[in-house]
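Since the structure comes first, as structure tokens, the remarks are kept for the end.
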Amino acid sequence: MLSTVTQSTLIQSTTIQQWEEANALLANACSRFVDLSTLLLTQYTAHDKYSGDLAARIDSSFDYFQTVLDRQLVFAQAALAKTRNNLASCILSLPRETLSQIFLDVVFDPKDERYPSTGTVHIEHRVALIYHRLYSLIGVCAAWKEVALNCRALWSVVSLADPFSGKPRPISTNLSLERAGEKGLCLVAPLAEISSRGLRPLGGQLSRFSIFNIWEYPNANVSLPNFLEMLLEQAITPGTISMLSLGCSNKYTHSPRSKEPSQFLNNRLGRFEVDFIQLIQSLSVLLLQAVALDWKATSFTSLVALQIAEISLGFQPGIDAFLLALSSATELRDLKIITIRGISEGRGVMPTKKLSLLKLESLYFEDLPFNILEIFITTIAPGSYHLTVNLFPNFFQSESASDIFESPQVVVAIDDEICALLGRVTIHKLMLLKGNWGLWESTTGLRSLLKSLPTVKILVLDGFELDQDLLKALEKPSKSQVTRSPEFETLEFHCTTIKFPLEALRHGFKSLLASHRIKRLVLGRSYEDESKELAGGEFDGLVEWLKAQISHLSLYEDQTSGPEMYDKWQLWDGWYPETH
Numbered sequence: 145m146l147s148t149v150t151q152s153t154l155i156q157s158t159t160i161q162q163w164e165e166a167n168a169l170l171a172n173a174c175s176r177f178v179d180l181s182t183l184l185l186t187q188y189t190a191h192d193k194y195s196g197d198l199a200a201r202i203d204s205s206f207d208y209f210q211t212v213l214d215r216q217l218v219f220a221q222a223a224l225a226k227t228r229n230n231l232a233s234c235i236l237s238l239p240r241e242t243l244s245q246i247f248l249d250v251v252f253d254p255k256d257e258r259y260p261s262t263g264t265v266h267i268e269h270r271v272a273l274i275y276h277r278l279y280s281l282i283g284v285c286a287a288w289k290e291v292a293l294n295c296r297a298l299w300s301v302v303s304l305a306d307p308f309s310g311k312p313r314p315i316s317t318n319l320s321l322e323r324a325g326e327k328g329l330c331l332v333a334p335l336a337e338i339s340s341r342g343l344r345p346l347g348g349q350l351s352r353f354s355i356f357n358i359w360e361y362p363n364a365n366v367s368l369p370n371f372l373e374m375l376l377e378q379a380i381t382p383g384t385i386s387m388l389s390l391g392c393s394n395k396y397t398h399s400p401r402s403k404e405p406s407q408f409l410n411n412r413l414g415r416f417e418v419d420f421i422q423l424i425q426s427l428s429v430l431l432l433q434a435v436a437l438d439w440k441a442t443s444f445t446s447l448v449a450l451q452i453a454e455i456s457l458g459f460q461p462g463i464d465a466f467l468l469a470l471s472s473a474t475e476l477r478d479l480k481i482i483t484i485r486g487i488s489e490g491r492g493v494m495p496t497k498k499l500s501l502l503k504l505e506s507l508y509f510e511d512l513p514f515n516i517l518e519i520f521i522t523t524i525a526p527g528s529y530h531l532t533v534n535l536f537p538n539f540f541q542s543e544s545a546s547d548i549f550e551s552p553q554v555v556v557a558i559d560d561e562i563c564a565l566l567g568r569v570t571i572h573k574l575m576l577l578k579g580n581w582g583l584w585e586s587t588t589g590l591r592s593l594l595k596s597l598p599t600v601k602i603l604v605l606d607g608f609e610l611d612q613d614l615l616k617a618l619e620k621p622s623k624s625q626v627t628r629s630p631e632f633e634t635l636e637f638h639c640t641t642i643k644f645p646l647e648a649l650r651h652g653f654k655s656l657l658a659s660h661r662i663k664r665l666v667l668g669r670s671y672e673d674e675s676k677e678l679a680g681g682e683f684d685g686l687v688e689w690l691k692a693q694i695s696h697l698s699l700y701e702d703q704t705s706g707p708e709m710y711d712k713w714q715l716w717d718g719w720y721p722e723t724h
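Those letters in the sequence shown? Residues 145 to 724, per the working numbering, in order.
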């Protein structure tokens, strides 16, 4: 006697076999019907006396198709589609933890898939992107909504206001606070139209946050010092806050040629100044944009990542105080120094003590004048860290104190000084922004610069014209000419202009690839370039050839700047902290 399960299996197997046989018969019948219908067309004409009532019989066939066969086929298709969907693997069959992790990866991905050439995303866009993705997931279906609402980590980024306008968003803020976990949250506080009343949702809630992203717009109702006072007044225990990102719209900074350093934030905190200094000492990540500290009173003993941008250090004592504070960061692994100005005592006058950061893994310099870069390169001891140097056109100019003149004097570095300075250190990645003058404005100068930097593996060029001369300048000289020269593994052209058919550059690319072991090539066309698109038409031949030669080829249209040329102030949310 067969069991019920066995009988059911046999019935299902018989049904499937019969369906497959009927499917084959239907296919054969349709094919035979098409053949015979075509044969009728060739054998009978309007004046054929043997056609009889064929026209009426064809009409009857049409009626059958429309009233019976079409409807039956639609029913069959619907039944098969439903059966297929029932049998197919459903994402909801995944464990709840797995589905939640997929949602987290989607929501907190730091890249914007709509603009792949932009690289990292600025903080305002990133916050908007997170909320857009989150609410898009909720809107898919009831099951996804349930998963998202019960995944507390998805709501860990709490924004007090719209990231673009700065207008308060109390409903969204309260919902995030209700749905998020009890600790480890990330606060985003764009201070613009938020009033003291708008901060009420945070009453008694600040202890739930370990990451703070705070930036101040011009004419903000609540200033950055006001917000920090509120934070410190709640007696947050040192160590509960791990990441702090503070920025403002250059309100406290001065012109790069100013004698005075940027105003210290510490001095604006009154009775909370000591608490703030203790908070800085306990942080693991600190980002400061247009915000300066009293460097003499600052210690970075716990920091593993530090980014400082858009400040003036003033005269040499201010520079020395900053270096002293930096020397306390013995745990530092990632350091970014961006757009810092200062007035040194004179060319060649360097601090005597080396700054040793033994755990440093990544060091990034961007938009520094010659004198400041010289100080950092000379002072920070060599190590195994990955060094990126991003040079802007104004790099050649710097300010130096003068015993003769009351005002600091502008000093312009010559080409040999530049090559000698950069040649002192092991540079892994070099980024060059083209301007109207300077060493790398000519292919001859560019070639001279590269000859002095044999360790560069990644070269990024922004705003250059892509032509034969540029490609020739990037070729590795023959051994008979020079022994010191870089061997590129990655070459990126961003915001380029191309005045010739790209196919005309095939020979130049062929020679370039023959002299370097390039694994990755990026071609980005400027939005101002009126030439044809990189992909399509006459460019297809060269593009296909390049794809065959290089492991990774990326093409970008209508760029306004290279994705990494300007280090954007990013959201630090604990999920994807970006580093160079």
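Even for Gly, the Cβ is constructed at its ideal location relative to N, Cα and C.
Requested in this report: Go ahead and pull the three-state DSSP assignment for residue 238.
Outcome: For the purposes of this step, residue 238 is taken as the residue at position 94 of the sequence shown. DSSP places residue 238 in coil when its eight states are reduced to three.
Query raised in the report: At what residue ranges does the stretch 305 to 343 contain a whole run of the beta strand (DSSP E), taking only runs of 3 or more?
Result: 329 to 335
Report task. Grab the span of the alpha helix (DSSP H) containing residue 460 for me, first residue to last. Result -> If you number the sequence shown from 1, residue 460 lands on position 316. Residue 460 -> alpha helix (DSSP H) spans 460 to 471.
Query raised in the report: On the three-pair Cβ rule with 8 Å, is the stretch 243 to 252 touching the stretch 208 to 218?
Result: no
Report task. Tell me, to the nearest whole angstrom, how far the beta carbon of residue 362 is from that of residue 332; I am working on the premise that it is less than 8 Å. Result -> As a working mapping, residue 362 is identified with position 218 in the sequence shown. As a working mapping, residue 332 is identified with position 188 in the sequence shown. No, residue 362 and residue 332 are not in contact; Cβ-Cβ is about 19 Å, not under 8 Å.
Requested in this report: Assign residue 764 to one of two classes, buried (16 or more other C-beta atoms within 10 Å of its C-beta) or exposed (fewer than that).
Outcome: Nothing about residue 764 can be read from this structure; the chain reaches only from 145 to 724.
Requested in this report: Check whether the Cβ atoms of residue 85 and residue 335 sit closer than 8 Å, and answer yes or no.
Outcome: No answer is possible for residue 85: the residues shown for the chain start at 145 and end at 724.
Query raised in the report: For residue 480, which of helix, strand or coil comes out of DSSP?
Result: As a first step, residue 480 is located in the sequence shown; it is residue number 336 there, counting from the start. Strand at residue 480.
Query - Straight-line gap, residue 659 to residue 665 (C-alpha atoms, nearest Å) - result: Within the sequence shown, the letter at position 515 stands for residue 659. Within the sequence shown, the letter at position 521 stands for residue 665. Straight-line Cα distance between these residues: approximately 14 Å.
Requested in this report: Could you name the residues that DSSP lists as bridge partners for residue 356?
Outcome: Indexing the sequence shown from 1 puts residue 356 at position 212. Residue pairing by DSSP places residue 356 opposite 331 and 388 in a beta bridge.
Query raised in the report: Which of the three DSSP states, helix, strand or coil, is assigned to residue 529?
Result: For the purposes of this step, residue 529 is taken as residue 385 along the sequence shown, with counting starting at 1. Residue state, collapsed to three classes: coil.
Query raised in the report: Under the rule that 16 or more other beta-carbon atoms within 10 Å means buried, what is residue 239, buried or exposed?
Result: Sequence index remark: in the sequence shown, residue 239 carries index 95 (1-based). Residue 239 comes out exposed.
Requested in this report: Taking only heavy atoms of the ligand MG into account, decide whether any of them is closer than 7 Å to the Cβ of residue 165.
Outcome: Looking at this structure, you won't find the ligand MG or any other ligand, since it has none at all.
Query - Counted within 10 angstroms of its Cβ, other Cβ atoms place residue 511 as buried (16 or more) or exposed - result: Mapped onto the sequence shown, residue 511 falls at position 367. With 16 or more other Cβ atoms within 10 Å, it is buried.
Report task. Classify residue 668 as buried or exposed, calling it buried when 16 or more other Cβ atoms lie within 10 Å of its own Cβ. Result -> On the sequence shown, residue 668 is found 524 positions in, with the first residue counted as 1. That one is buried.
Query raised in the report: Where residue 526 and residue 347 are concerned, what is the direct C-alpha to C-alpha distance, given to the nearest angstrom?
Result: Mapped onto the sequence shown, residue 526 falls at position 382. Mapped onto the sequence shown, residue 347 falls at position 203. The straight-line gap from Cα to Cα measures roughly 47 Å.
Query raised in the report: Should residue 460 and residue 443 be called a contact, given that it needs their Cβ atoms to be closer than 8 Å?
Result: By one-based count along the sequence shown, residue 460 stands at place 316. By one-based count along the sequence shown, residue 443 stands at place 299. For residue 460 and residue 443, no; Cβs fall outside 8 Å.
Query - Boundaries (first-last residue) of the beta strand (DSSP E) holding residue 664 - result: Walking along the sequence shown from the start, residue 664 turns up at place 520. In the DSSP assignment, residue 664 falls within the unbroken beta strand (DSSP E) covering 664 to 670.
Query raised in the report: So what does residue 555 bridge to, in DSSP terms?
Result: Walking along the sequence shown from the start, residue 555 turns up at place 411. DSSP lists 542 as partners of residue 555.
Query raised in the report: In or out: residue 276 buried (at least 16 other Cβ within 10 Å) or exposed?
Result: Taking the first residue of the sequence shown as position 1, residue 276 is located at position 132. Flag for residue 276 reads exposed.
**Report entry** Separation of residue 292 from residue 321, as counted between CA atoms
**Finding:** Position 177 of the sequence shown, counted from the first residue, corresponds to residue 321. Position 148 of the sequence shown, counted from the first residue, corresponds to residue 292. Near 14 Å, if we compare the C-alpha coordinates of residue 292 and residue 321.
Query - C-alpha distance - residue 566 paired with residue 642, whole-angstrom precision - result: In the sequence shown, residue 566 corresponds to position 422, counting from 1. In the sequence shown, residue 642 corresponds to position 498, counting from 1. One C-alpha to the other measures close to 30 Å.
Query raised in the report: Would residue 584 pass as a contact of residue 590 if the rule is Cβ separation under 8 Å?
Result: Counting from 1 along the sequence shown, the entry for residue 584 is found at position 440. Counting from 1 along the sequence shown, the entry for residue 590 is found at position 446. Their beta carbons are under 8 Å apart, which means residue 584 touches residue 590 by this criterion.
Query raised in the report: In whole angstroms, what is the alpha-carbon distance linking residue 631 and residue 497?
Result: As a working note, residue 631 is residue 487 in the sequence shown. As a working note, residue 497 is residue 353 in the sequence shown. One C-alpha to the other measures close to 33 Å.
Report task. Would you kindly work out how many angstroms separate the C-alpha atoms of residue 265 and residue 543, rounded to a whole number? Result -> Stepping through the sequence shown from its first residue, residue 265 is reached at position 121. Stepping through the sequence shown from its first residue, residue 543 is reached at position 399. The alpha-carbon atoms of residue 265 and residue 543 are separated by roughly 33 Å.
Report task. Pick helix, strand or coil for residue 573, following the three-state DSSP scheme. Result -> For the purposes of this step, residue 573 is identified with residue 429 of the sequence shown, where counting begins at 1. Looking at residue 573 - three-state DSSP - the assignment turns out to be strand.
Query raised in the report: Can you list, in chain order, the residues of its chain whose CB lies under 7 Å from that of residue 614, leaving out five sequence neighbours each side?
Result: Reading the sequence shown from its first residue, position 470 is the one you call residue 614. Same-chain partners within the cutoff: 587 and 608.
Report task. For residue 558, count neighbouring Cβ atoms within 10 angstroms of its own Cβ and tell me buried if that reaches 16, exposed if not. Result -> If you number the sequence shown from 1, residue 558 lands on position 414. Classification of residue 558: exposed, given that the 10 Å Cβ count is below 16.
Query raised in the report: If we call anything under 8 Å between Cβ atoms a contact, is residue 594 one with residue 622?
Result: In the sequence shown, the residue the question calls residue 594 occupies position 450. In the sequence shown, the residue the question calls residue 622 occupies position 478. 8 Å or more divides the Cβ of residue 594 from the Cβ of residue 622.
Report task. Could you tell me how far apart the beta carbons of residue 369 and residue 413 are, in whole angstroms, since I believe they sit closer than 8 Å? Result -> In the sequence shown, counting from the first residue as 1, residue 369 sits at position 225. In the sequence shown, counting from the first residue as 1, residue 413 sits at position 269. 6 Å between Cβ atoms; contact.
Query raised in the report: From which residue to which residue does the beta strand (DSSP E) around residue 699 run?
Result: Here residue 699 refers to the residue found at position 555 when the sequence shown is read from its first residue. Its beta strand (DSSP E) spans residues 696 to 703.
**Report entry** residue 157 in three-state terms, based on DSSP
**Finding:** Counting from 1 along the sequence shown, the entry for residue 157 is found at position 13. In the structure shown, residue 157 sits in a helix (DSSP, three-state: H, G or I).
Query - Whole-angstrom distance between residue 340 and residue 317, CA atom to CA atom - result: In the sequence shown, the residue the question calls residue 317 occupies position 173. In the sequence shown, the residue the question calls residue 340 occupies position 196. Distance between the alpha carbons of residue 317 and residue 340 is about 15 Å.
Query raised in the report: Do you know how far the Cα of residue 509 is from the Cα of residue 601?
Result: As a working note, residue 601 is residue 457 in the sequence shown. As a working note, residue 509 is residue 365 in the sequence shown. Roughly 16 Å between the two C-alpha positions.
Query raised in the report: Leaving out five residues before and five after residue 327 in sequence, what residues of the same chain have Cβ atoms less than 6 Å from its Cβ?
Result: Position 183 of the sequence shown, counted from the start, is the residue given in the question as residue 327. So the list reads 352, once near-sequence residues are dropped.
Report task. For the beta strand (DSSP E) containing residue 451, list its first residue and its last residue. Result -> Here residue 451 refers to the residue found at position 307 when the sequence shown is read from its first residue. Taken as a continuous stretch (DSSP letters only), the beta strand (DSSP E) holding residue 451 covers 449 to 456.
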